[in-house]
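J.: One structure follows; several queries about it will come next.
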Amino acid sequence: MKNLEEKILEISAKLGNEVHLKAIRNTFISMLPIMIFGGIFAVIGAAPATENATGFMKAWADFVSANSAIFSWVSVLGLGFTSLYIALGITYNLCKEYKVDPLIPLFICIFGMFMLTVKPEKLVYGTSLTDLNYLDGKGIIVGLFVGIFTVEIYRILKQKNFGKIKLPDSVPPSLSETFSSLAISVLIMLFYLVLFVIFKSMNTTFAAWIASIIAPQIKATDSLWFILLMTFIINAAWFFGIHNATFWGLMGPIMFMNLSTNAAQQASGIAPTAILTESFWVYFVVIGGVGACLSVSILCCFSKSEMIKTVGRISVLPAFFGISEPATFGLPMMLNPIFFIPCAFVPTINACIAYFCMNTNIIGKTYAMLSFNMPSVFGAFLSTGDVKALLLVVALLILDMVLYYPFVKMYERQQLKLENKESK
Amino acid sequence: MINVMLVCNAGMSTAMLAQKINKNCDGYCYVEAFGEGEYMEHIENIDVILVGPQIRHLIPSIKKTTQNKIPVSYINPMDYGMMRVDNVISQIKEMLEG
Numbered sequence: 245m246k247n248l249e250e251k252i253l254e255i256s257a258k259l260g261n262e263v264h265l266k267a268i269r270n271t272f273i274s275m276l277p278i279m280i281f282g283g284i285f286a287v288i289g290a291a292p293a294t295e296n297a298t299g300f301m302k303a304w305a306d307f308v309s310a311n312s313a314i315f316s317w318v319s320v321l322g323l324g325f326t327s328l329y330i331a332l333g334i335t336y337n338l339c340k341e342y343k344v345d346p347l348i349p350l351f352i353c354i355f356g357m358f359m360l361t362v363k364p365e366k367l368v369y370g371t372s373l374t375d376l377n378y379l380d381g382k383g384i385i386v387g388l389f390v391g392i393f394t395v396e397i398y399r400i401l402k403q404k405n406f407g408k409i410k411l412p413d414s415v416p417p418s419l420s421e422t423f424s425s426l427a428i429s430v431l432i433m434l435f436y437l438v439l440f441v442i443f444k445s446m447n448t449t450f451a452a453w454i455a456s457i458i459a460p461q462i463k464a465t466d467s468l469w470f471i472l473l474m475t476f477i478i479n480a481a482w483f484f485g486i487h488n489a490t491f492w493g494l495m496g497p498i499m500f501m502n503l504s505t506n507a508a509q510q511a512s513g514i515a516p517t518a519i520l521t522e523s524f525w526v527y528f529v530v531i532g533g534v535g536a537c538l539s540v541s542i543l544c545c546f547s548k549s550e551m552i553k554t555v556g557r558i559s560v561l562p563a564f565f566g567i568s569e570p571a572t573f574g575l576p577m578m579l580n581p582i583f584f585i586p587c588a589f590v591p592t593i594n595a596c597i598a599y600f601c602m603n604t605n606i607i608g609k610t611y612a613m614l615s616f617n618m619p620s621v622f623g624a625f626l627s628t629g630d631v632k633a634l635l636l637v638v639a640l641l642i643l644d645m646v647l648y649y650p651f652v653k654m655y656e657r658q659q660l661k662l663e664n665k666e667s668k
Numbered sequence: 007m008i009n010v011m012l013v014c015n016a017g018m019s020t021a022m023l024a025q026k027i028n029k030n031c032d033g034y035c036y037v038e039a040f041g042e043g044e045y046m047e048h049i050e051n052i053d054v055i056l057v058g059p060q061i062r063h064l065i066p067s068i069k070k071t072t073q074n075k076i077p078v079s080y081i082n083p084m085d086y087g088m089m090r091v092d093n094v095i096s097q098i099k100e101m102l103e104g
C-alpha cells in the first residue's frame, strides 16, 4: 500500500506541477464568476414552455420571450466566449508563472484568438459583421493553443534578447526594452495572420478546421466508457487523498466545451446533446464531493460509534455543499482499505445511471453550471431545468447510502471494538 | 503573532479550518487560507505554510516557490478531517521549533 501511494503521489506531483496544466487548472477556477453569471441567465432564460399557464409561470415565460435578445446576448458573451476567456486565463497564468509582464501577451492573445476563430463576413467602415461561433467551446483547442503558444514564444524570444536593438548608452534602457517587445509581438502576430490567410484562402478558419478534424475524438469522450474510466480513476485517486483538480487539466477543457455547446443549443431552443459537463460531474456523479461522500456523512450521523458519529456531524454540512474533505480525512476513508471499493465504485455507478437517464432522455441534459458548492439536489434541477433530475439525485443519494452501508457498518464494528477496549 | 498560511485546491475546505483556528488559538497565531493558484502572491510575512493533505503532492513546488525559506508541511489528514484545532496548532509549534 505504501509503495502504491508513493507511486500515485509521484504521478500526481508530475501532473500537478506541470506549468501548462497548472495554468489551465487555475484558469478554470478563475472562470467561476463568468460561469455563474451565464448560468443564472441560462436558468432564467429556460422558462418552461407553458401555453395554458397562469400567474407566475406565465409572467416568467412572457418575460423571457419578450427579452429573448438579452438572454441570447448574455449567453453568447458568457459561455459562448469560453475559448476566449480560457486563452486569456492561460496567457495570464503562464505569464505569472514565468514572471513576465502579462499585458502585451494578453493583447497578442486576443489578436490571435480572433485571427484564428473568426471569419469576417463583411467589413466596411462603420459596420463589422462576423461569425463568433467558434469562440465558444468548439474553439477550445485553439484557446489552449493560442494561450500557450503566445506566452511560450514571447518568453523564449525575450530570454534570447530577440530584436533588442543596440542603442547608444545615452538612450534609456527602457526604450530598447520596448523595442524588443515590439519585435517579438509583431513576429507572433504575423504568425497568426499567416494562419488566418491560409485558412481564409480555403474559405474556413483554423478553429473550424481543427474542430472538424478532432470531432470524432471529442465525440469519443462523451461516451459511457470514457466517463466511467475517468470517474473510476479520479475517485480511486481520491482514496489516496489526491485532489480531483489534478486531473482538471484534461477534464476541464472537455467539460467546458460540452457545457458551452449545450448552453448554446439551449439558448437557441434546441435540446442540448452532450452529457459530460462539469454540472453532470458535480451534481450527479460526486454527490457531496468526490467519493460521493454525502451518503457516507449521513450514514455516519447515525452510527453507534462515538467517533464515527462525530465525523458524521462535522462532515455532513460541508458535504451537502460539495466539500468531502472532512469525511475523507476525518473518518478516514483515505487509505482505509475498507473504503477503497465504495469510494472508487459508488460514484462510477452514479455516473453509469445518470448517463443512462440522460442518454435515453429520461431526464434533461445540463446546460448551466452554478458553482460546485451548490447542493446537488438544487444544482441538478437548476442545471437541467428538469424536476425529474432532482428526483434522480435523491434516488442516487439513497442508492449511495445503501451501497456504502455495509462498509460503514464494517468500519463501525472495528471502531466499536477499539472504543470498548479504551473504556475498559 | 505567528502568520500561518493554509493552502488547498481552491482555499475552501482549509478556510473552514482557518476560521476555527483563529477562534480557538488565543491569539497565538493568525491563519489565512488560499487556493493553490493564488497563494504565492501572499507569502510575504508568512512564518509557516500548511497544505491540505489532498494537495500534498504539490509541496515540492511550493518549497521551490518559497525558495525553502518558509517551513512547509501538510496537515495530518485525521486532524484536518476532524478539524482538531489543538493538534494542528501543536503541529505548527513543532514546525517552528523543529
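Sequences listed follow chains A and B, in order.
Quick note on numbering: the first sequence equals residues 245 to 668 in our numbering.
Quick note on numbering: the second sequence equals residues 7 to 104 in our numbering.
Every residue, glycine too, gets a C-beta built ideally from N, C-alpha and C.
Bear in mind that the values here come from a model prediction, so they are computed numbers and not experimental data.
Return the CA-CA distance between residue 325 (chain A) and residue 664 (chain A), expressed in angstroms with no decimal places.
T.: Going from the Cα of residue 325 (chain A) to the Cα of residue 664 (chain A) covers about 60 Å.
J.: When the cut-off is 7 Å and only beta carbons count, does residue 15 (chain B) lie next to chain A?
T.: Chain A, which has a Cβ nearer than 7 Å to the Cβ of residue 15 (chain B), makes this yes.
J.: Residue 512 (chain A): buried (16+ other C-beta within 10 angstroms of its C-beta) or exposed?
T.: Looking at its Cβ environment, which holds fewer than 16 other Cβ atoms inside 10 Å, residue 512 (chain A) is exposed.
J.: Please report the distance separating the alpha-carbon of residue 640 (chain A) from that of residue 601 (chain A).
T.: Their Cα atoms are separated by approximately 12 Å.
J.: Terminal residues of the continuous beta strand (DSSP E) containing residue 371 (chain A)?
T.: First-last of the beta strand (DSSP E) with residue 371 (chain A): 371-375.
J.: Distance check for residue 277 (chain A) and residue 434 (chain A), CA to CA, integer angstroms please.
T.: Whole-angstrom Cα-Cα distance: 33 Å.
J.: Using a beta-carbon distance below 7 Å, is residue 63 (chain B) in contact with chain A?
T.: Interface residue, yes.
J.: May I have the straight-line CA-CA distance separating residue 607 (chain A) from residue 630 (chain A), to the nearest angstrom?
T.: Going by the C-alpha atoms only, they are around 7 Å apart.
J.: Measuring straight from C-alpha to C-alpha, what distance separates residue 477 (chain A) and residue 487 (chain A)?
T.: Near 12 Å, if we compare the C-alpha coordinates of residue 487 (chain A) and residue 477 (chain A).
J.: In chain order, what residues of the same chain have a beta carbon less than 6 Å from the beta carbon of residue 342 (chain A), not counting five sequence neighbours either side?
T.: Cβ within range, chain order: 399.
J.: Determine, using beta-carbon pairs with one atom in the stretch 264-282 of chain A and one in the stretch 490-510 of chain A, whether at least three such pairs fall under 8 Å.
T.: Judged by Cβ distances under 8 Å, the stretch 264-282 of chain A makes contact with the stretch 490-510 of chain A, as three or more pairs qualify.
J.: Does the beta carbon of residue 574 (chain A) come closer than 7 Å to any beta carbon on chain B?
T.: Interface residue, yes.
J.: Who does residue 56 (chain B) pair with in a DSSP beta bridge?
T.: Note: residue 56 (chain B) sits in a beta bridge opposite B:12 and B:79.
J.: Listed in chain order, which residues of the stretch 245-261 of chain A have Cβ atoms closer than 7 Å to some Cβ of chain B?
T.: Residues 253, 256, 257, 260 and 261.
J.: Taking the straight line between their C-alpha atoms, what separation do you get for residue 645 (chain A) and residue 562 (chain A)?
T.: Computed Cα separation, rounded: 17 Å.
J.: Is the Cβ-Cβ distance between residue 651 (chain A) and residue 586 (chain A) less than 7 Å?
T.: Yes, these two residues count as a Cβ contact at 7 Å.
J.: So the beta strand (DSSP E) residue 364 (chain A) belongs to, where does it begin and stop?
T.: Residues 363-368.
J.: Is residue 39 (chain B) near residue 16 (chain B), with beta carbons less than 7 Å apart?
T.: Cβ distance not < 7 Å, so residue 39 (chain B) and residue 16 (chain B) don't count as in contact.
J.: Using a cut-off of 9 Å between C-beta atoms, extract the partners of residue 270 (chain A) located in chain B.
T.: Those are 41, 42, 43 and 44, listed as they occur along chain B.
J.: Take the Cβ of residue 569 (chain A) as the centre, count every other Cβ of all protein chains shown within 10 Å, and call the residue buried at 16 or more, exposed below.
T.: So residue 569 (chain A) ends up on the buried side.
J.: Is residue 40 (chain B) helix, strand or coil by DSSP?
T.: Correct three-state label for residue 40 (chain B): strand.
J.: Straight-line CA distance for residue 633 (chain A) to residue 432 (chain A)?
T.: If you take the alpha carbons of residue 633 (chain A) and residue 432 (chain A), they lie about 47 Å apart.
J.: Is DSSP giving residue 2 (chain B) helix, strand or coil here?
T.: The question about residue 2 (chain B) has no answer here: the residues shown for chain B are numbered 7 through 104.
J.: If we call anything under 7 Å between Cβ atoms a contact, is residue 282 (chain A) one with residue 323 (chain A)?
T.: In contact: residue 282 (chain A) and residue 323 (chain A) (Cβ atoms closer than 7 Å).
J.: Apart from the five residues on each side of it in sequence, which residues of its chain come closer than 7 Å, Cβ to Cβ, to residue 499 (chain A)?
T.: Contacts found: 520, 521, 522 and 525.
J.: Which one of A:461, A:260, A:348 and A:386 has the shortest CA to CA distance from residue 423 (chain A)?
T.: Out of A:461, A:260, A:348 and A:386, A:348 has the C-alpha closest to the C-alpha of residue 423 (chain A).
J.: Using a Cβ-Cβ cut-off of less than 7 Å, give me the residues of the stretch 86-98 of chain B that come near chain A, in sequence order.
T.: Answer in chain order: 86, 87, 88 and 89.
J.: Can you list, in chain order, the residues of its chain with a C-beta nearer than 8 Å to that of residue 439 (chain A)? Leave out the 5 residues immediately preceding and following it.
T.: Cβ neighbours of residue 439 (chain A) beyond the five flanking positions: 359, 360 and 450.
J.: Reducing DSSP to helix, strand and coil, say where residue 262 (chain A) ends up.
T.: Three-state result, residue 262 (chain A): coil.
J.: Can you tell me the Cα-Cα spacing of residue 430 (chain A) and residue 336 (chain A), whole angstroms?
T.: If you take the alpha carbons of residue 430 (chain A) and residue 336 (chain A), they lie about 19 Å apart.
J.: Could you pull out every residue in the same chain whose Cβ sits closer than 8 Å to the Cβ of residue 259 (chain A), ignoring the five residues on either side in sequence?
T.: Here the set comprises 265, 490, 491 and 493.
J.: Could you pull the start and end residues of the alpha helix (DSSP H) that residue 99 (chain B) belongs to?
T.: Per DSSP, residue 99 (chain B) belongs to the alpha helix (DSSP H) from 91-103.
J.: Rank B:43, B:64 and B:26 by C-alpha distance to the C-alpha of residue 333 (chain A) and give the top, closest one.
T.: The option with the nearest alpha carbon to residue 333 (chain A) is B:43.
J.: Sorry if obvious, but does the Cβ on residue 304 (chain A) come closer than 6 Å to a heavy atom of the ligand ZN?
T.: With respect to the ligand ZN, the structure shown offers nothing to examine, as it has no ligands at all.
J.: Just reading off the alpha helix (DSSP H) that residue 650 (chain A) is part of, what are its end residues?
T.: Start and end: 631-667.
J.: Please classify residue 404 (chain A): does DSSP put it in a helix, a strand, or coil?
T.: Three-state result, residue 404 (chain A): coil.
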